[in-house]
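A.B. asks: Residue numbers (our numbering): 210 to 266.
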Amino acid sequence: MLERAKRLVLRYDPGQFTFSNFAITASDDQLLGLAKLLNGFQECPVYKVLKVRTFEF
210 MLERAKRLVL RYDPGQFTFS NFAITASDDQ LLGLAKLLNG FQECPVYKVL
260 KVRTFEF
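Have a look at this one:
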């Protein structure tokens, strides 16, 4: 399996934001840091941060 893409999803109540144009080599810690920085500009707190991975067989 070859990982093709990662997406970062910030979920709010209601709604969500999805980000996908970042380096495929970004680590989980780096993505969580990015999510925290992005959430700093929001009035509502994020209640869930997800990493969605796409694979090719």
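A virtual CB, placed ideally from N, CA and C, is assigned to each residue, including glycine.
#1: In chain order, what residues of the same chain lie with their CB nearer than 7 Å to the CB of Y256, ignoring the 5 residues before and after it?
#2: Round the Cβ separation of R216 and F226 to the nearest angstrom and send it over; I've been treating them as touching at under 8 Å.
#3: For A244, count neighbouring C-beta atoms within 10 Å of its own C-beta (all shown protein chains included) and say buried if the count is 16 or more, exposed if not.
#4: Take Q239 as the anchor and find which of F250, Q251, P254, K260 has the nearest alpha-carbon.
#5: Could you spell out where the beta strand (DSSP E) holding Q251 opens and where it closes?
C.D. replies: Quick answer:
#1: Scanning its chain for C-beta atoms nearer than 7 Å, with the 5 sequence neighbours on each side dropped, one finds around Y256 the residues R220, Y221, D222, in chain order.
#2: Their Cβ separation, rounded to whole angstroms, is 11 Å, which puts R216 and F226 out of contact at 8 Å.
#3: For A244, the number of other beta carbons within 10 angstroms of its own is at least 16, and it is reported as buried.
#4: K260
#5: Premise fails: Q251 is in no beta strand (DSSP E) and is neither H nor E.
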